[in-house]
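Heads up: the structure comes next, in structure tokens.
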Ligand code: AMP
Ligand code: MG
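In my numbering, the protein residues as written are -17 to 314.
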């Protein structure tokens, strides 16, 4: 039967439930289906790592290429040996320092971890997320969750349940409500080469904080030199609106008097005739606050039908490095 009445269309369009009902989420996940879950970094699109059906659905919903591996989420460090075959001393030191938290470790996988999860590699990415609702969910499940960010491939990551609903309202049945993501950018990814740690993705834990725990670390944060982190594509996290990244926002906008411009600034306001909206990441110049608001601000600007977004390079230390990394990828 064709369902064509406007009423039915409305019902179909609002099929995604946003809810705190963990029992419902468990039921869906036990049924080989996917649920969007809150984490401290960004919302994830989660499925049972051992369910081929669920994992294929994650790739399909996100339109993510199959070579791009997924992060496995567990709730306790005791569970690590279900996932990995080797746990180097420095990995354990990092895990003890930062888990639960926004650190992903890439380690040799156990043979039963499906190739779909790892993109066929012999390593697997794993972390313990620091979000009470998702930790509680993981504790009640008999399997870990694979959960890449709940956005279509190459789009801005979601930091609220509404962002996820906007992206996937017709394709997923539930977003587990967990409020706004506290950190707001993805996890920092560290792998090992010859038993030495290598940082593959800048993220919610600054390089300085990592160095405080394990000393100097090699950094390979782009795809040319980081074939081990295939998700680190140059173009990523992109708004639909043409976006520029500049040092001097005030001077830059003078060149575009006839354009409708939205501004993403670190801490100061800007007044200019053609600027229709300004997002300020942190009025007090706090990089942690700036990181937590970055994607929400990009989402807002991207929904204003602007001719262009002009983003300001933020101070390049601590989490500022991670913010600048995301902004560079957004403007490629
Ligand atoms: P996300 O899209 O935020 O879930 O991040 C997943 C990213 O983790 C991928 O795009 C890769 O960069 C990285 N990753 C996951 N699994 C592996 C793996 N087995 N080896 C190397 N990098 C991995
Ligand atoms: Mg992602």
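C-beta atoms are modelled at their ideal positions from N, C-alpha and C, and glycine is treated no differently. Remember, predicted model here, so these are calculated numbers, not experimental data.
- Non-local C-beta neighbours of residue 278 in its own chain, meaning closer than 6 Å and more than five positions away in sequence, comprise 141, ordered along the chain.
- By the Cβ-count criterion, residue 230 is exposed, with fewer than 16 other Cβ atoms from all chains shown falling within 10 Å of its own Cβ.
- DSSP places residue 101 in the coil class of the three-state scheme, outside both helix and strand.
- Close CB contacts of residue 196 within its chain, under the 7 Å cut and outside five residues either way in sequence, are with 72, 75, 76, 179 (chain order).
- Take residue 48, set aside five residues on each side of it, and the residues of its chain with a beta-carbon closer than 8 Å to its own are 41, 98, 101, in chain order.
- Beyond the five residues adjoining it in sequence on each side, residue 177 comes within less than 8 Å, by CB distance, of 70, 72 in the same chain, given in chain order.
- Secondary structure note for residue 231: its alpha helix (DSSP H) is the uninterrupted segment 231 to 236.
- Under the DSSP assignment, residue 296 falls outside any alpha helix (DSSP H); it carries neither an H nor an E label.
- Note on residue 114: under 16 other CB atoms within 10 angstroms of its CB, so exposed under the neighbour-count rule.
- Here the alpha carbons of residue 135 and residue 311 stand approximately 13 Å from one another.
- Unbroken beta strand (DSSP E) runs of no fewer than 3 residues, entirely contained in the region 255 to 288, are found at 257 to 262, following chain order.
- The continuous beta strand (DSSP E) containing residue 1 extends over residues -1 to 1.
- In this structure, DSSP gives residue 72 a helical state, which the three-state scheme calls helix.
- Under the 8 Å Cβ criterion, the region 146 to 158 counts as touching the region 118 to 134, having at least three qualifying pairs.
- Not one heavy atom of ligand 1 is found less than 8 Å from the C-beta of residue 22.
- In the structure shown, residue 228 adopts extended strand secondary structure according to DSSP, grouped into three states.
- Less than 9 Å divides the Cβ of residue 171 from the Cβ of residue 185.
- Within the region 140 to 203, the runs of alpha helix (DSSP H) that reach at least 4 residues and sit entirely inside it are, in chain order, 143 to 150, 189 to 196.
- The three-state reading of DSSP puts residue 55 in strand, counting E and B together.
- Contact between residue 276 and residue 263 holds, with the beta-carbon distance rounding to 6 Å and staying under 8 Å.
- For residue 5, the uninterrupted alpha helix (DSSP H) run begins and ends at 4 to 12, by DSSP.
- Between residue 84 and residue 22, the beta carbon gap of about 6 Å places them in contact (Cβ cut-off 8 Å).
- Taking a C-beta distance under 9 Å as the contact criterion, residue 8 and residue 16 do not qualify as a contact pair.
- In this structure, ligand 1 has a non-hydrogen atom nearer than 8 Å to the beta-carbon of residue 168.
- Just so you know, the alpha carbons of residue 281 and residue 34 end up roughly 32 Å apart.
- By the C-beta density criterion, residue 78 is exposed, having fewer than 16 other C-beta atoms within 10 angstroms.
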